[in-house]
Amino acid sequence: LHVHGSLLPAETDQPPEALFVFHDITRLKQLENLRKEFVANVSHELRTPITSIVGFVETLLDGAIEDPENARKFLNIIEKNAQRLNSIITDLLTLSKIEQEKEEEQIVLKNCRIKDVLEAAILICDSRANEQQIQIDLECPAGLWGKVNAPLLEQAVVNLLDNAIKYSNSGATIKISANKQGQELVMAVQDFGCGIPSEHLPRLFERFYRVDKARSRTLGGTGLGLAIVKHITNVHRGRVTVESTPGAGSTFAIILPGA
Ligand code: ADP
Numbered sequence: 334l335h336v337h338g339s340l341l342p343a344e345t346d347q348p349p350e351a352l353f354v355f356h357d358i359t360r361l362k363q364l365e366n367l368r369k370e371f372v373a374n375v376s377h378e379l380r381t382p383i384t385s386i387v388g389f390v391e392t393l394l395d396g397a398i399e400d401p402e403n404a405r406k407f408l409n410i411i412e413k414n415a416q417r418l419n420s421i422i423t424d425l426l427t428l429s430k431i432e433q434e435k436e437e438e439q440i441v442l443k444n445c446r447i448k449d450v451l452e453a454a455i456l457i458c459d460s461r462a463n464e465q466q467i468q469i470d471l472e473c474p475a476g477l478w479g480k481v482n483a484p485l486l487e488q489a490v491v492n493l494l495d496n497a498i499k500y501s502n503s504g505a506t507i508k509i510s511a512n513k514q515g516q517e518l519v520m521a522v523q524d525f526g527c528g529i530p531s532e533h534l535p536r537l538f539e540r541f542y543r544v545d546k547a548r549s550r551t552l553g554g555t556g557l558g559l560a561i562v563k564h565i566t567n568v569h570r571g572r573v574t575v576e577s578t579p580g581a582g583s584t585f586a587i588i589l590p591g592a
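Be aware that the sequence shown starts at 334, since it is given in full-length UniProt numbering, and climbs by one per residue.
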């Protein structure tokens with residue numbers, strides 16, 4: 334709390350008066366702390382792959398380059414970490430672009446056929462799903478329309494499908510559905526994969542939050558996928574929910590208000 338006090342000019346025969354102004358800076362402080370924490374997180378996330386790249390380059394220069402088998406192994410690690418940096422930066426730019434466009438009110442919602450958006454998202458994830466023999470089942474009425482930003486909604490669904498694929502066993506099925514529930518448009522992605530222990534659910538949509546850091550990293554995750562989904566849902570004035578049973582699977586739903 335900031336308190337600012339000042340003595341008012343006294344009337345000749347009156348006792349002196351004072352004016353106190355109280356500023357509640359709790360909210361500002363919270364925002365400032367969040368910003369600091371975010372910068373610290375980004376720095377840490379970027380430093381990890383850079384440390385690995387520098388380390389392996391030094392090892393190569395120190396002589397490991399003479400042994401072709403090891404040299405190849407180290408170059409592969411360097412490439413993986415460079416790609417990781419690339420994914421983190423791409424995701425960070427996506428987040429800041431959405432924030433910026435939202436602030437400038439540049440994001441246009443148009444009446445779109447939801448099935449088209451979901452099919453486009455499935456197409457993008459198709460090769461990854463095929464690699465793991467994963468089948469994606471779509472259930473969506475052809476006559477379902479919604480007021481959405483199609484590229485952004487497509488990106489959100491791709492992120493959910495991508496996770497569903499990453500955290501499923503090979504040969505599994507993923508269900509994606511959309512329908513109207515009352516006034517609301519509900520799109521759900523359901524997997525039958527590893528699931529998420531309930532204590533993690535409240536923090537899942539925070540930037541860089543991961544249930545299992547090592548696993549997310551080997552699977553090529555940045556920890557930003559769900560933060561992007563939440564941002565995109567907010568832009569649509571909707572919400573995103575998750576239900577999960579460890580060992581049985583998870584359902585993520587994007588719920589948008591009706592037109
Ligand atoms: P990541 O890039 O690590 O996948 P996300 O923001 O997309 O980051 O997801 C955050 C974390 O939530 C993941 O690291 C993972 O632990 C968990 N998660 C997300 N989706 C699923 C899912 N479908 N099944 C199990 N865990 C999931």
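Just so you know, even glycine gets a beta-carbon here, dropped at the ideal spot from N, CA and C.
Bounding residues of the beta strand (DSSP E) (the contiguous stretch that carries residue i)
i    : result
D524 : E517 to D524
V354 : A351 to H356
Q468 : Q468 to E472
H337 : H335 to L340
C458 : Here C458 belongs to no beta strand (DSSP E); instead the alpha helix (DSSP H) covers I447 to E464.
Residue i versus residue j - alpha carbon distance
i    : j    : result
H356 : E365 : 16 Å
V441 : I447 : 16 Å
Q439 : E378 : 30 Å
I561 : P535 : 16 Å
G396 : F389 : 11 Å
I498 : T578 : 16 Å
E434 : D495 : 25 Å
V490 : L352 : 55 Å
E436 : I565 : 13 Å
I383 : D424 : 17 Å
T381 : R405 : 21 Å
E399 : L393 : 8 Å
Q363 : L334 : 13 Å
Residue i beta carbon near the ligand ADP (any heavy atom closer than 7 Å)
i    : result
A489 : no
D524 : yes
T578 : no
L494 : no
T506 : no
K499 : yes
A454 : no
L559 : yes
D545 : yes
G554 : yes
I422 : no
C458 : no
C527 : yes
Beta-ladder partner(s) of residue i, from DSSP
i    : result
E576 : T584
V441 : Answer by DSSP bridge pairing: none, since V441 is not bridged.
L589 : L518
V481 : K443
CB-CB length for residue i against residue j, believed under 8 Å
i    : j    : result
L493 : F585 : 5 Å
F541 : V573 : Actually they do not touch by this definition, with Cβ atoms about 17 Å apart.
Continuous alpha helix (DSSP H) stretch holding residue i: start and end
i    : result
N512 : Not the alpha helix (DSSP H): N512 falls in the beta strand (DSSP E), residues T506 to Q514.
V390 : T359 to L394
N414 : P401 to E436
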